[in-house]
Every structure is written in C-alpha cells, then in structure tokens.
Amino acid sequence: MTTVYDFTVEKADGDKYSMDNYRGKPLVIVNTASKCGFTSQFKELQELYDEYKGKGLVILGFPSDNFNNQEFAEMGQTMAFCELNYGVTFPMFSKVNVKGNAIEPLFSYLTSQKKGMITEGIKWNFTKFVIDRDGNIVERFAPQTAPIKMKKVIECIVQ
Numbered sequence: 030m031t032t033v034y035d036f037t038v039e040k041a042d043g044d045k046y047s048m049d050n051y052r053g054k055p056l057v058i059v060n061t062a063s064k065c066g067f068t069s070q071f072k073e074l075q076e077l078y079d080e081y082k083g084k085g086l087v088i089l090g091f092p093s094d095n096f097n098n099q100e101f102a103e104m105g106q107t108m109a110f111c112e113l114n115y116g117v118t119f120p121m122f123s124k125v126n127v128k129g130n131a132i133e134p135l136f137s138y139l140t141s142q143k144k145g146m147i148t149e150g151i152k153w154n155f156t157k158f159v160i161d162r163d164g165n166i167v168e169r170f171a172p173q174t175a176p177i178k179m180k181k182v183i184e185c186i187v188q
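Quick note, my numbering runs 29 ahead of the 1-based positions in the sequence shown.
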C-alpha cells in the first residue's frame with residue numbers, strides 16, 4: 030500500500046529527499062505561494078509548527094507557481110521572503126507543480142487519496158493535508174481555511 034513515505038521530493042537546495050525520513054511523524058503538507066492573497070497563512074503555519082514541533086509535528090511547504098504566477102522565479106527569493114516576512118523555520122521544498130500533466134507525484138497521490146469538496150485536484154494555493162504518524166491522510170483543508178482551524182485535528186495526531 031502506498032503512503033506519503035514512498036515518495037522522494039526535492040529540497041529547496043535541489044537535493045533529493047526521501048519522505049521516508051518523516052516516518053512516524055505527524056505532518057502538514059501545504060502548497061504555498063509568496064504572492065498570494067493567502068500568503069499571510071505562513072504566520073499561523075509557523076505558530077502551529079512552534080507549538081507542536083516538540084510533539085513531532087513537521088510542516089512541509091511546497092511552493093507552487095500554478096495559480097497566476099504567484100511565486101518567485103528563484104528559490105532563494107522564496108526562502109528569503111518566507112524567513113524575513115513570516116519567520117518560517119519549517120522545511121520548505123523546491124517549487125513544484127500541484128496540478129496538470131507535470132504534477133509532482135506526491136501531490137498526485139495526496140489529491141487522489143483525499144478529494145476536495147468540489148474537485149479532486151488542487152484548486153488554489155494553501156491547500157493543506159494533515160497526515161498521521163502512520164502516513165495516513167487524515168484531513169484535507171481548503172485554501173481559505175485558516176491554519177489555526179486545523180488545531181483540533183493536529184492535537185489528535187500529535188498524541
């Protein structure tokens with residue numbers, strides 16, 4: 030049975046990274062964009078990370094430029110923007126496609142396993158997937174859902 034641990038992704042520095050390194054940890058996987066109306070969600074994502082990282086929670090940010098070119102061209106710009114404006118310390122990965130023919134395999138898997146209200150695919154930036162310690166997708170949250178509203182679900186998976 031496939032889980033999130035079966036995928037390899039690319040870190041912000043371009044190195045390959047096995048998702049298996051997160052085995053046993055509760056995760057939040059989110060597609061991000063630096064120039065989106067929801068960009069302020071970085072603040073609450075960082076707050077959740079700060080509050081629950083001691084219990085193993087890891088938030089994984091995957092910048093995407095699939096929606097109206099709302100991400101910087103260079104990863105360095107993205108990383109600097111997130112750190113300077115929102116104090117982001119959770120792991121950020123290389124820019125990925127979260128829809129279309131070139132969709133990142135991890136996001137293809139996530140969307141096939143947990144459909145949104147209207148569609149299977151990701152409709153916008155800041156779609157959030159909550160994963161339990163066993164690699165199961167527990168919940169999918171829409172872009173407009175503030176990260177703080179994931180707190181009850183996160184509290185259940187960090188126990």
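The C-beta atom is built at its ideal place from N, Cα and C for all residues, glycine as well.
Verify whether the separation of the beta carbon atoms of residue i and residue j is less than 8 Å.
| i | j | result |
| --- | --- | --- |
| Gly-85 | Pro-55 | yes |
| Asp-159 | Ile-183 | A small fix is needed here, since residue 159 is Val in this sequence, not Asp. Result yes, Cβ atoms of Val-159 and Ile-183 sit closer than 8 Å. |
| Val-33 | Gly-164 | yes |
| Val-59 | Lys-157 | yes |
| Lys-64 | Gln-106 | no |
So, at 7 Å on beta carbons, what are the nonlocal neighbours of residue i in its own chain, with the 5 sequence-adjacent residues on each side left out?
| i | result |
| --- | --- |
| Thr-31 | Tyr-138 |
Does the Cβ of residue i have 16 or more other Cβ atoms within 10 Å, making it buried, or fewer, making it exposed?
| i | result |
| --- | --- |
| Glu-103 | exposed |
| Ile-177 | exposed |
| Asn-114 | exposed |
| Gly-129 | exposed |
| Thr-140 | buried |
| Ala-62 | buried |
| Ser-47 | exposed |
| Gln-70 | buried |
| Arg-52 | exposed |
| Ala-109 | exposed |
| Cys-111 | buried |
Among all the DSSP beta bridges, which residues are the ones paired with residue i?
| i | result |
| --- | --- |
| Met-121 | Gly-90 |
| Ser-47 | Thr-37 |
| Phe-71 | Beta-bridge pairing links Phe-71 to no other residue. |
| Asn-98 | BP columns for Asn-98 are empty, so no partner. |
| Thr-61 | Pro-92 |
| Leu-56 | Val-87 and Ile-160 |
| Ile-166 | Ile-160 |
Excluding the 5 residues preceding and the 5 following residue i in the sequence, name in chain order all residues of the same chain whose CB lies nearer than 6 Å to its CB.
| i | result |
| --- | --- |
| Tyr-78 | Ile-88 and Phe-119 |
| Gln-173 | none |
With a cut-off of 8 Å on the beta carbons, I'd call residue i and residue j a contact; round off their distance for me.
| i | j | result |
| --- | --- | --- |
| Ser-123 | Gly-66 | In fact, because the Cβ distance is near 23 Å, the residues do not count as touching under 8 Å. |
| Gln-142 | Gly-116 | So it is not a contact: roughly 31 Å between Cβ atoms. |
| Phe-101 | Val-125 | Phe-101 to Val-125, Cβ: 14 Å. No contact. |
| Asn-154 | Phe-96 | 6 Å |
| Val-127 | Ser-93 | 5 Å |
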